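In UniProt numbering, the protein residues as written are 1 to 211.
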């Protein structure tokens with residue numbers, strides 16, 4: 001019997017990344033929707049994620065949090081989906097998956113909060129500067145269909161989600177390399193399924209709680 005897979009999320013969150021990954025995997029999963037002000041901070045959920053944030057998954061009784069970790073975990077847990085390179089070929093896979101989850105997201109968040117490190121602070125900050133992080137990310141995907149090797153992997157789910165989101169909301173500049181990389185990803189069947197599910201959930205939430 002397959003181990004139970006439970007997905008905790010809110011459709012207006014980074015849970016959209018994990019949803020896409022789950023749809024790529026193709027294994028059955030149960031979705032449990034959480035609200036920011038109540039159930040996300042409830043005692044039973046804090047056992048799963050003490051940060052009180054989404055997404056999280058529980059697979060066979062084991063919890064995994066953090067989007068990049070969820071993507072990497074699911075690729076390994078469901079090898080039949082072919083979403084991870086062979087172990088000997090995972091250098092770029094790990095490098096760009098966690099570079100985007102670390103320095104890139106940190107740099108974007110800092111900019112959003114109005115923090116711009118000076119020259120001395122850039123030596124201490126893992127991301128250095130937003131410009132450096134984005135230039136490095138652009139170099140990783142320029143003239144490439146996939147960020148790690150010659151086929152789609154879980155790293156593309158995470159990197160693609162960050163670029164897709166950033167282009168949509170203006171937190172990543174509309175550079176030609178970013179557009180060229182993400183446009184084909186938006187055509188993937190799993191991406192479209194995931195977006196349709198979350199967009200429907202968002203519409204339902206908005207209808208139930210009109211402004």
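C-beta atoms are modelled at their ideal positions from N, C-alpha and C, and glycine is treated no differently. Owing to the predicted nature of the structure, the values given are computational and were not obtained by experimental measurement.
- Contact holds between the segment 78 to 90 and the segment 22 to 35, because three or more Cβ pairs, one in each stretch, are under 8 Å apart.
- Residue environment for residue 112: exposed (fewer than 16 other C-beta atoms within 10 angstroms of its C-beta).
- Residue 61 and residue 152 have their alpha carbons spaced roughly 29 Å apart.
- Per DSSP, the beta-bridge partners of residue 8 are 32, 56.
- Contact between the segment 174 to 190 and the segment 28 to 41 is not established, with fewer than three Cβ pairs separated by less than 8 Å.
- The three-state reading of DSSP puts residue 147 in coil, since its state is none of H, G, I, E or B.
- Within the same chain, Cβ atoms closer than 6 Å to the Cβ of residue 15 are found at 9, 54, 55, the five residues on either side in sequence being excluded.
- The beta carbons of residue 57 and residue 5 sit closer together than 8 Å.
- By the Cβ-count criterion, residue 40 is buried, with 16 or more other Cβ atoms from all chains shown falling within 10 Å of its own Cβ.
- Only exposed fits residue 169, as fewer than 16 other CB atoms lie within 10 angstroms of its CB.
- For residue 64, the enclosing beta strand (DSSP E) begins and ends at 62 to 65.
- Note that the C-beta distance between residue 137 and residue 104 is below 8 Å.
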